[in-house]
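For the sequence shown, our numbering begins at 12 and goes up steadily by one.
For every residue, glycine included, the Cβ atom is placed at its ideal position computed from N, Cα and C.
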Amino acid sequence: MKKNWFYLLVTVLFGMSLASNVYGKEKLRVVSSFSILGDMVHQIAGNEVHSDTLVGPNGDTHVFKPSPFDAEKVASANVLIINGLEFEGWIERLQESSEFSGKLVIATSGIDKIRMEEEEHHDEHGKDEHHDEHEEEHHDEHGKDDHHDGDHAFEWAGAFKLSAGEYVWTFAKVDGDYADPKMKMVILASKLDGEAAIEEREEMAEGLIKSHGAIDRNHGEALTPNDGNAYQLAFDSNRNVTEFRVMIKKEGVYTFFTEHMPFEFEADEHFFKNTEKQDIEPIAQEPDAGHHHHHHGEFDPHGWNSIANAKIYVENIRKALVEAVPAKASIFNKNADAYLKKLNALEKTLKSEIKQIPKDRRKVITAHDAFGYLGRDFGLEFMAPQGQSTESEASAKDVARIIKLIREHKIKAVFVESISDPRLIEQIARETGAVVGGKLYPGALSEPDGPASTYLKLMEHNVRTIIKALK
Ligand SMILES: [Zn+2]
12 MKKNWFYLLV TVLFGMSLAS NVYGKEKLRV VSSFSILGDM VHQIAGNEVH
62 SDTLVGPNGD THVFKPSPFD AEKVASANVL IINGLEFEGW IERLQESSEF
112 SGKLVIATSG IDKIRMEEEE HHDEHGKDEH HDEHEEEHHD EHGKDDHHDG
162 DHAFEWAGAF KLSAGEYVWT FAKVDGDYAD PKMKMVILAS KLDGEAAIEE
212 REEMAEGLIK SHGAIDRNHG EALTPNDGNA YQLAFDSNRN VTEFRVMIKK
262 EGVYTFFTEH MPFEFEADEH FFKNTEKQDI EPIAQEPDAG HHHHHHGEFD
312 PHGWNSIANA KIYVENIRKA LVEAVPAKAS IFNKNADAYL KKLNALEKTL
362 KSEIKQIPKD RRKVITAHDA FGYLGRDFGL EFMAPQGQST ESEASAKDVA
412 RIIKLIREHK IKAVFVESIS DPRLIEQIAR ETGAVVGGKL YPGALSEPDG
462 PASTYLKLME HNVRTIIKAL K
């Protein structure tokens with residue numbers, strides 16, 4: 012009797028564990044690196060797989076930092092789907108740390124890739140290459156002060172390590188005109204180094220620029236570090252270059268805050284030099300110029316922004332799922348075919364809508380360069396101060412370049428992005444009078460109640476937002 016009870020108990024327990032195996036582990040575990048891939052898995056597999064995403068809605072995959080929880084997800088995955096093309100710079104380490112042993116699917120396999128351009132205009136500082144490209148007159152709308160009612164009193168800050176002596180700060184006419192007829196500048200000594208120096212003094216600088224008691228300075232006059240006042244610099248319209256002598260009595264770190272970008276006043280000489288005419292470069296500046304040293308992959312990773320590519324993503328995912336669970340092939344195939352039909356229909360509709368916009372108006376400014384594929388497919392020209400990753404901030408020079416382009420090409424609209432700080436684009440809009448045409452979703456879905464909760468909705472939202480602003 013005792014034996015029978017024991018036997019029965021063992022049988023029940025064994026049966027339970029078998030059952031939990033069947034219901035808990037039968038479903039294929041699929042982990043996608045970011046929300047757009049997660050949506051594609053959902054469209055193809057519905058609830059037939061257990062699907063998880065690492066970078067969720069509104070997340071920025073470029074700068075994602077996986078947690079131990081993410082490593083657990085990957086460790087238990089049968090299939091890991093990534094974009095590839097170095098979009099997920101963190102994925103290899105995550106695979107290693109989680110000892111991932113499943114199947115890796117690279118969604119961009121076989122897409123028509125865009126090779127990344129060499130960005131020569133970022134390589135050097137103080138050169139004139141971007142001035143020479145554009146010869147049209149485009150400074151006619153300058154000279155107004157109305158773009159300084161925003162929250163920032165200064166547009167640019169730089170910290171310099173200077174030895175005692177005299178330096179020359181120049182403001183040159185670009186294409187026949189000064190970017191502005193005058194501007195305020197604050198020079199403050201700092202006990203700190205690098206970026207910390209700027210942070211230490213920026214509040215004081217802001218206060219001085221906003222206060223009314225600025226000291227007037229004209230061509231050839233001297234500027235010294237001054238904790239009590241801002242300088243009001245007047246640019247001499249009879250000269251091509253207005254210069255000011257910066258006098259430093261004691262070696263140290265000095266921060267300079269300017270109401271306008273110094274790069275806007277660069278013709279063919281660097282704006283700051285010593286008396287031997289050698290360029291003096293900042294040890295830190297804001298907006299940051301870290302961009303110069305940024306390395307990126309060989310190809311533009313934002314492949315999903317082409318619907319034609321997205322169809323290849325879908326084929327890659329379909330194939331992987333069918334191989335992993337052949338028993339469900341018919342379900343996956345049926346769903347994938349229906350999804351491809353919707354993608355085709357949307358592509359066709361949006362392409363015909365774009366055609367209603369005159370070709371010379373199809374120029375779009377976004378924060379980071381994520382829409383190269385959309386541009387190629389849809390005949391739109393995208394420009395961005397921030398480059399192809401959100402990892403690096405736009406340099407002051409990148410921003411100045413975009414501002415020039417907007418003025419030259421009379422670009423009407425600029426767009427903020429769901430994953431980038433809107434302030435840079437808002438500043439550019441203020442500076443140029445372009446309107447902010449709306450928010451685009453470059454590389455992540457919105458929350459479920461947002462306008463880009465699926466890949467199809469994301470593409471529709473992005474393209475229609477652009478069309479509306481360009482019309
Ligand atoms: Zn991106």
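Worksheet entry | Unbroken beta strand (DSSP E) run spanning Gly176, endpoints | From DSSP, the beta strand (DSSP E) with Gly176 extends over Gly176 to Ala183.
Discussion item. Three Cβ pairs or more, each shorter than 8 Å: is that satisfied between the region 328-342 and the region 453-466?
Written reply: No: fewer than three Cβ pairs fall under 8 Å.
Discussion item. In the DSSP assignment, the alpha helix (DSSP H) including Val333 goes from what residue to what residue?
Written reply: Per DSSP, the unbroken alpha helix (DSSP H) holding Val333 starts and ends at Ile318 to Ala335.
Discussion item. Residues in the same chain with beta-carbon distance under 6 Å from Glu254, minus the five sequence neighbours each way, listed in chain order, please.
Written reply: If the five residues before and after Glu254 are omitted, its C-beta is found closer than 6 Å to the C-beta atoms of Val179 and Thr181, all from its own chain and listed in chain order.
Item to complete: Return the bridge partner residues of Asn89 from the DSSP annotation.
Response: Partner(s): none; Asn89 has no beta bridge.
Worksheet item: Quick one: is Gln289 near chain C, going by C-beta distance under 9 Å?
Response: Included in the structure is just one protein chain, with no chain C present.
Worksheet item: Smallest Cα separation from Ala172: which of Lys124, Gly263 and Phe389?
Response: Residue 172 is actually Lys in this sequence, not Ala. Looking at the Cα atoms, Gly263 is the closest of the given residues.
Worksheet item: Cβ of Gly454 versus every heavy atom of ligand 1: is any distance shorter than 8 Å?
Response: It does: the Cβ of Gly454 is within 8 Å (strictly closer) of some heavy atom of ligand 1.
Practice prompt. Pick out whichever of Arg228, Asn58, Asp460 and Met194 has its Cα sitting closest to the Cα of Phe483.
Written response: Nothing in the structure corresponds to residue 483, since the chain is present only between 12 and 482.
Item to complete: Quick one: grab the DSSP three-state call for Lys468.
Response: Helix at Lys468.
Worksheet item: Out of curiosity, what's the CA-to-CA distance linking Leu357 and Glu442?
Response: Whole-angstrom Cα-Cα distance: 36 Å.
Worksheet item: With C-beta atoms as the reference, is Leu91 less than 9 Å away from Val42?
Response: Yes, the Cβ-Cβ distance between Leu91 and Val42 is below 9 Å.
Worksheet item: Opposite Glu297 in the DSSP bridges: which residues?
Response: Answer is Ala168, bridged to Glu297.
Fill in: Where Gln399 falls, given that 16 or more other Cβ within 10 Å makes a residue buried
Counting Cβ neighbours within 10 Å, Gln399 comes out buried, since at least 16 surround it.
Worksheet item: Out of curiosity, what's the CA-to-CA distance linking Lys423 and Ile417?
Response: Rounded to whole angstroms, Lys423 to Ile417 spans 8 Å at the Cα level.
Fill in: Distance between Glu37 and Ser87 (C-alpha atoms, nearest Å)
Spanning the two alpha carbons is a distance of roughly 13 Å.
Fill in: Nearest neighbour of Gln397, chosen from Tyr384, Arg412, Gly386 and Ala56 [CA to CA]
Comparing Cα positions, the closest option is Arg412.
Practice prompt. Quick one: using the 10 Å Cβ neighbour count with 16 as the cut-off for buried, is Phe268 buried or exposed?
Written response: That one is buried.
Discussion item. Considering Cα atoms alone, identify which of Ile122, Pro79 and Leu96 is closest to Glu107.
Written reply: Per the Cα distances, Pro79.
Worksheet item: In this structure, does DSSP put His73 in helix, strand or coil?
Response: If DSSP states are grouped into helix, strand and coil, His73 belongs with the helices.
Discussion item. Beta-carbon within less than 7 Å of His73's beta-carbon, same chain only, minus the 5 sequence neighbours each way: which residues are those?
Written reply: Excluding sequence neighbours, His73 sits near Ser400, Thr401 and Glu402.
Worksheet item: ligand 1 heavy atoms versus the CB of Ser400: any closer than 8 Å?
Response: For Ser400, the shortest C-beta to heavy atom distance toward ligand 1 is below 8 Å.
Item to complete: Put Ser201 into one of helix, strand or coil per three-state DSSP.
Response: DSSP, read as helix, strand or coil, puts Ser201 in strand.
Item to complete: Grab me the residues of Lys155's own chain with a C-beta within less than 8 Å of its C-beta, minus the 5 sequence neighbours each way, in chain order.
Response: Low confidence applies here, because Lys155 scores a pLDDT of 34, under 50, leaving its location unreliable and the question unanswered by this model.
Worksheet item: From Arg40, Arg126, Gly67 and Ser120, pick the residue whose C-alpha is nearest to that of Asn89; which is it?
Response: When each option's Cα is compared against that of Asn89, the closest is Arg40.
Worksheet entry | Backbone CA spacing between Gly224 and Asn237 [nearest angstrom] | Gly224 and Asn237 have their C-alpha atoms roughly 13 Å apart.
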